[in-house]
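K.L.:
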Amino acid sequence: MQLRALALVAASLLLCAAAQAQPAAEPAGVPYPAAAAVGGSSLALNGAGVRYKLVFKVYTAGLYLPQRANTPEAVLAMPGPKRMHVVMLRDIDAKELGRLFTRGMEDNAPPQHWMQSIPGTLRMADIFSARKKLVAGDHFSVDYVPGVGTTVFVNDKPAGEPIREPEFFSSLLSIWLGPRPADAALKDALLGREPRPAGSRQ
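Be aware that the sequence shown starts at 1, since it is given in full-length UniProt numbering, and climbs by one per residue.
1) Which one of Gly137, Val135, Glu26, Leu172 has the shortest CA to CA distance from residue 237?
2) Can Ala54 and Leu97 be called in contact, C-beta distance under 8 Å?
3) Would you check if the distance between the CB atom of Ala48 and the CB atom of Ala25 is smaller than 8 Å?
4) Taking C-beta to C-beta, are Thr71 and Leu186 nearer than 8 Å?
5) According to the neighbour-count rule (16 or more other Cβ atoms, all chains shown, within 10 Å of its Cβ), is Arg83 buried or exposed?
6) Sort Leu63, Pro31, Val30 by Cα distance to Leu43 and report the nearest one.
7) Using 8 Å as the threshold, is the C-beta distance between Ser129 and Ala94 below it?
8) Could you tell me how far apart the beta carbons of Val58 and His139 are, in whole angstroms, since I believe they sit closer than 8 Å?
9) Just to confirm my understanding: we take Ala28, look at its own chain, exclude 5 residues before and 5 after, and list those with CB closer than 7 Å. What are they?
10) Please determine, among Arg131, Pro146, Pro111, Thr102, the residue with the shortest C-alpha to C-alpha distance to Ile92.
11) Would you mind working out which of Pro179, Gln116, Arg123 sits nearest Glu161, comparing C-alpha positions?
12) Our contact map puts residue 204 next to Gly39 with C-beta atoms below 8 Å; I'd like the distance itself, whole angstroms only.
13) Determine the burial state of Glu73: buried for a count of at least 16 other Cβ atoms within 10 Å of its Cβ, exposed for fewer.
14) For Asp183 versus Tyr52, is the C-beta distance shorter than 8 Å?
15) At which residue ranges does the stretch 43 to 87 contain complete beta strand (DSSP E) runs of 3 or more residues, listed in the order of the chain?
16) Could you please give me the residues that DSSP links to Ile118 through a beta bridge?
17) For Arg68, which residues in the same chain have their Cβ closer than 8 Å to its Cβ, ignoring the five residues on either side in sequence?
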């Protein structure tokens, strides 16, 4: 019986590993696995898509959550760890990307959240400024873990200590999920919605 129980545990671990390795989405050919481990929890890929600037593909993004959600309100209200993962498709000045993110947060986050997020926003701007440039293929994850805060990983390496303010991660997500998102079609993709007709990108 013990051997059978061990075999079942091993099989479960293998299935979990396979789920994390098997891509559930491949926007612009970039694989996003069905699951990701964050803060000791297994998160599911909620959606993934491409950020366009005019007709150019800038980066792909994927949102991982404890369970599926198709509205910004449900995503923001959901307890537990979360992850936003971005893979660059073009070279971009890192300082410029930091400025764009800051502007996106200011435009979309509720004023109170934005004010409380400023220290974390400055920290993230410093992280990108220190790199000078992000090139195609570079990637970063922004992981939120309750009680710990938000940690930025650049090419799988943590970039400094966690940002403690809980409002920071919600403000960051508003760049993509807020009322004036960076890309309306990407917002739909992250929420697992049907894609919008061509020409609807903001």
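No residue lacks a Cβ here, since even glycine has one placed at the ideal position from N, Cα and C.
P.N.:
Put simply:
1) Outside the displayed range of the chain (1 to 202) lies residue 237, so it cannot be described from this structure.
2) Reading off the sequence, residue 54 comes out as Leu, not Ala. No; because the gap between Cβ atoms is not below 8 Å, this pair is not in contact.
3) yes
4) Going by C-beta atoms, Thr71 is not nearer than 8 Å to Leu186.
5) buried
6) Shortest Cα-Cα distance from Leu43 to any of Leu63, Pro31, Val30 involves Leu63.
7) yes
8) Not really, about 13 Å apart at Cβ, beyond 8 Å.
9) Taken in chain order, the residues that qualify are Val50, Lys57, Thr60, Leu89.
10) Arg131
11) Arg123
12) Because the chain in this structure spans residues 1 to 202, residue 204 falls outside the shown range and cannot be described.
13) exposed
14) yes
15) 56 to 65
16) For Ile118, which the question treats as bridged, DSSP gives no partner whatsoever.
17) Ala44, Asn46, Gly192
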